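S.K.: Okay, handing you the structure first.
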């Protein structure tokens, strides 16, 4: 190929700094600009346009690189100035594009601080080797990062930015470590928001309080963050298993060392609340509010019960609840509709039957005091049982690893089974930790009775919003069948069902004192 005069080439200067952690050691934009200026002056190059971006070159699709090649294809630019070849390309597609442009004669030269590359066979061969080395380095670095990330996760360390409510711990010299500790400013506020959700408040209402009352902001990182928690942010918080102590990375679950914001049982309860809750009426002006809509289930087909207003010939308006589901294109579920008063009556009667008589309550409190005196014995039994189950679970985890290595199961099956047993492991560890800390019995029992007494008063007041909170706090999803409503209590309120219905029942020694001791009663309704 004939010699090319660099002075006749119109160059585009390209500077790139990756935003990925793997490229943190490369020169900054300012340093690259200084190196490129020295290269321009040394070769007396004519640069018609500069291109600068903070993007990784591991994959095709960089906007400024694409713009540079649009000018090359038009003939506006026919040369490139860069610090090194790996600044231009680190993937086979972009590297091939450069070599092909040289073959086509639209790219005449690439000039770097290390040398000048023209369209000669030797220069193109050297460039291909350099691009291959850069690609190999990128691949090795990515593999190294994945390996280090997996090791960190297996040690219970979160490899990404700390989530809302957590910060990096600092060592004695003030440097950040990999351990996460709670953010003393935000963590207590987040726990209060969780308590509100568990008490039955709508997520949109809780989000509004986070903004208005608590002024909860996200942490600032560079140009991002620092604003009030968004509505999407509150839902991310409520659905992220990280806050229950489990780290999910690429579909796999790991047990974290960080202090959880909630227990796994509370996480499960919140997911059930979110699955059955519609948008709060305060968040949607003009929304017709029905306290039981989306919460009652159909006993015939299992579908959700919806609601509507109906008016009879006399002009009286009622609120009716009915199953919306079709069994076939033209056949609706046969379950009949019921008026809201029927559900009200069933709920109120159920709550009244749960409230224990005074004499039974006095005896129950005496029994709670007796159980609190047996804490060590009860805790030892619970810990022994949980550790036995924990050993079995860890054996199952090892077994599915062996099955994956032997090729007996697929990766998808392995991840599914592993996540299930990791979740079980976390729950058993929670049970052991709870037993080691002791089980308060007397105070939760009094709190539960206070909730029941408040529930009766709130239901009688016929406040539809408070009615919905009470029902969600005390009961599992009521079932509509044959125009009747079947109601069952959540734990621990199911403890009161039989006792409230049979006031003559006298206290004897509980056949399973561990069960009563381990029952964690909900907080009083706010």
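Residue numbers (the numbering used here): 151 to 676.
Positions of the beta carbon are idealized from the N, C-alpha and C atoms, including for glycine.
In this text the structure is predicted, and so the values were computed from the model without any measurement.
(1) Does residue 166 come out as helix, strand or coil in the three-state DSSP assignment?
(2) Could you tell me if residue 244 is buried or exposed, where buried requires 16 or more neighbouring beta carbons within 10 angstroms of its beta carbon?
(3) In whole angstroms, what separates the C-alpha of residue 614 from that of residue 440?
(4) Please report the residue range of the beta strand (DSSP E) in which residue 399 lies.
(5) Suppose only complete runs of 4+ residues qualify. What are the alpha helix (DSSP H) ranges in the region 199 to 284, listed by chain order?
(6) Where does residue 313 sit, in a helix, a strand or coil, going by DSSP?
(7) For residue 242, count the other beta carbons within 10 Å of its own beta carbon; 16 or more makes it buried, fewer makes it exposed. Which is it?
(8) Would you mind sorting residue 283 into buried or exposed? The rule is 16 or more other CB atoms within 10 Å of its CB.
(9) What residues are listed by DSSP as bridge partners for residue 291?
(10) Whose CA, out of 468, 502, 640, lies closest to the CA of residue 488?
(11) Quick one: residues in its chain with C-beta nearer than 7 Å to the C-beta of residue 298, no 5 flanking neighbours on either side, listed in chain order?
(12) Where do the ends of the alpha helix (DSSP H) carrying residue 617 lie?
(13) Suppose contacts are defined by Cβ-Cβ distances below 8 Å. Is residue 442 in contact with residue 306 by that definition?
(14) Could you tell me how far apart the beta carbons of residue 568 and residue 304 are, in whole angstroms, since I believe they sit closer than 8 Å?
(15) Taking residue 190 and residue 197 to be in contact with their CB atoms under 8 Å, please state how far apart those CB atoms are, rounded to whole angstroms.
(16) Mind checking which residues open and close the alpha helix (DSSP H) that includes residue 408?
(17) Quick one: Cα of residue 168 to Cα of residue 472, how far?
(18) Only counting the same chain, and skipping five residues up and downstream in sequence, which positions put a Cβ closer than 7 Å to that of residue 332?
(19) One question on the structure: do residue 452 and residue 576 come within less than 8 Å of each other, judged by their Cβ atoms?
(20) Measure the C-alpha to C-alpha separation of residue 279 and residue 418 and round it to an integer number of angstroms.
(21) Assign residue 459 to one of three DSSP states: helix, strand, or coil.
(22) Please list the terminal residues of the continuous alpha helix (DSSP H) segment that includes residue 385.
(23) Across which residues does DSSP place residue 634 in a beta bridge pair?
(24) Between residue 398 and the rest of its own chain, which residues show a CB-CB distance below 6 Å, the 5 nearest in sequence each way excluded?
(25) Report all residues from its chain with a CB closer than 6 Å to the CB of residue 636; omit the five preceding and five following residues, and keep chain order.
(26) In the DSSP assignment, find the alpha helix (DSSP H) that holds residue 559 and state where it starts and stops.
(27) Residue 581: buried (16+ other C-beta within 10 angstroms of its C-beta) or exposed?
(28) Looking at C-beta atoms only, is the number of pairs between the region 222 to 242 and the region 254 to 266 that lie closer than 8 Å three or more?
(29) Determine the closest residue to residue 620 out of 531, 349, 574, with distance taken between C-alpha atoms.
(30) Which residues in the same chain have their Cβ closer than 7 Å to the Cβ of residue 179, if we skip the five residues on either side of it in sequence?
(31) Buried or exposed: which applies to residue 506, given that a residue is buried once 16 or more other Cβ atoms fall within 10 Å of its Cβ?
(32) By how many angstroms is the C-alpha of residue 539 removed from the C-alpha of residue 237?
(33) Could you tell me which residues DSSP puts in a beta bridge with residue 640?
(34) Enumerate in chain order the residues of its own chain whose CB-to-CB distance from residue 376 is below 7 Å, with the five nearest sequence positions on each side excluded.
(35) Secondary structure at residue 505, three-state DSSP: helix, strand or coil?
(36) Using the Cα positions of residue 494 and residue 546, report the straight-line distance between them to the nearest angstrom.
M.R.: Let me spell this out:
(1) Secondary structure at residue 166: strand, using DSSP grouped into helix, strand and coil.
(2) Residue environment: residue 244 is assigned as buried (16 or more neighbouring CB atoms within 10 Å of its CB, all protein chains considered).
(3) Rounded to whole angstroms, residue 614 and residue 440 show a C-alpha spacing of 7 Å.
(4) Per DSSP, residue 399 belongs to the beta strand (DSSP E) from 396 to 399.
(5) The alpha helix (DSSP H) runs of length 4 or more contained entirely in the region 199 to 284 are, from start to end of the chain, 213 to 224, 235 to 238, 242 to 254.
(6) Assigned with DSSP and collapsed to three states, residue 313 falls in coil, not helix or strand.
(7) Exposed, because fewer than 16 other Cβ atoms sit within 10 Å of the Cβ of residue 242.
(8) Answer is exposed; the Cβ neighbour count stays below 16.
(9) Residue pairing from DSSP leaves residue 291 without any beta-bridge partner.
(10) Taking each of 468, 502, 640 in turn and checking the Cα distance to residue 488, the smallest one comes out for 468.
(11) Excluding five sequence positions before and after residue 298, none of the CB atoms of its chain fall closer than 7 Å to its own CB.
(12) Segment 614 to 624, the alpha helix (DSSP H) holding residue 617.
(13) In this structure, residue 306 does not lie closer than 8 Å to residue 442 by Cβ.
(14) In fact, because the Cβ distance is near 12 Å, the residues do not count as touching under 8 Å.
(15) 6 Å between Cβ atoms; contact.
(16) Note, residue 408: premise wrong, no alpha helix (DSSP H); not H, not E.
(17) Whole-angstrom Cα-Cα distance: 58 Å.
(18) The answer, listed in chain order, is 315, 316, 409.
(19) Taking 8 Å as the Cβ cut-off, residue 452 and residue 576 do not qualify as a contacting pair.
(20) Looking at the two C-alpha atoms, the distance is approximately 54 Å.
(21) In the displayed model, residue 459 falls within a strand according to three-state DSSP.
(22) Start and end: 381 to 389.
(23) For residue 634, the pairing in a beta bridge is given by DSSP as 631.
(24) Cβ neighbours of residue 398 beyond the five flanking positions: 391.
(25) Only 629 meet the Cβ criterion.
(26) Unbroken run through residue 559: none, as it is neither H nor E.
(27) Label assigned to residue 581: buried.
(28) Inter-segment contact for the region 222 to 242 and the region 254 to 266 is present: three or more beta-carbon pairs are separated by less than 8 Å.
(29) Of 531, 349, 574, the smallest CA-CA separation from residue 620 is found for 349.
(30) Result list for residue 179: 165, 167, 202, in chain order.
(31) Answer is buried; the Cβ neighbour count reaches 16.
(32) Roughly 54 Å separates the two Cα atoms.
(33) The partner list for residue 640 (beta bridge, DSSP) is empty, contrary to what the question assumes.
(34) Within the same chain, residue 376 has close Cβ partners 367, 368, 370.
(35) It is coil, neither helix nor strand.
(36) If I take the Cα positions, the gap works out to 47 Å.
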